[in-house]
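All remarks here apply to the structure that follows.
Numbering (mature numbering (1 follows the signal peptide of the UniProt record, and there is no 0)), first residue to last: -30 to -1, 1 to 197.
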């Protein structure tokens, strides 16, 4: 069922991308292509609308999952769902992130095929490397955002949902600093580590568990002295 949840969440992201792309395409076609300030404003509007639409679909997906869990509880013999909402949140966020990363990599690969050469006119030669790091950050961020957003819905802490939307807007908006990649990568990774720690705590993790896990891993991987 978790795999079905992952695929279904990826489908929701595709639908949100299709709708936001359609709105942006219509706006661009209906405007003057020679008006550069207007085109830049439409690009900013497209990013803003896309983020808000993605979060709206995230909320809609939570509602559908909540109904599905209630149905599983009603059908189960012990009155318990075989899958917790925390597991659903993790898988849903991961599905969102993987599909987002897949489309980002497709765009990178299409640029790599040419006909241009990266850096030939003095642009950054680290375009593909920085884009790959940004894609990785977005995959992790969507996973953590899913956990935070679902927790906010479950506990009715709407400010947690607002934080998810705000950080999503910040990360997406920071890409307008490109090709000054420091302006987009640094805040994105800072927010990624912050949301990772927050999601870890909300999932029941603590510092002691983390240290115990690291110590156990070290003891298992450390070489044993010979007899």
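Even for Gly, the Cβ is constructed at its ideal location relative to N, Cα and C. Every value quoted in this text rests on a predicted model; they were computed, and no experiment measured them.
- Under the DSSP assignment, residue 39 falls in the alpha helix (DSSP H) whose first and last residues are 6 to 45.
- Boundaries of the alpha helix (DSSP H) around residue 124: 97 to 125.
- The beta carbon of residue 108 lies closer than 6 Å to those of 70 in the same chain, with the five residues before and after it left out.
- In the structure shown, the three-state DSSP call for residue 76 is helix.
- Three or more Cβ pairs closer than 8 Å define a contact, and the segment 24 to 41 meets that threshold against the segment 107 to 124.
- With a 10 Å radius around the Cβ and a threshold of 16 neighbouring Cβ atoms, residue 101 comes out buried.
- Rounded to the nearest whole angstrom, the CA to CA distance from residue 165 to residue 15 is 25 Å.
- For residue 63, the three-state secondary structure derived from DSSP is helix.
- Secondary structure note for residue 169: its alpha helix (DSSP H) is the uninterrupted segment 152 to 172.
- Rounded to whole angstroms, residue 6 and residue 162 show a C-alpha spacing of 33 Å.
- Looking at the backbone, the Cα of residue -21 and that of residue 67 are separated by about 8 Å.
- Here residue 167 is exposed, its C-beta having fewer than 16 other C-beta atoms within 10 Å.
- Per the coordinates, the alpha-carbon of residue 139 lies some 7 Å from the alpha-carbon of residue 18.
- Under the three-state reduction of DSSP, residue -10 is assigned to helix.
- Take the alpha-carbon of residue 81 and the one of residue 170: they are about 36 Å apart.
- Its chain contains 154, 155 and 158 as the residues whose beta carbon lies nearer than 7 Å to that of residue 104, once the 5 sequence neighbours on both sides are disregarded; these appear in chain order.
- About 14 Å separates the Cβ atoms of residue 130 and residue 55, ruling out a contact at the 8 Å cut-off.
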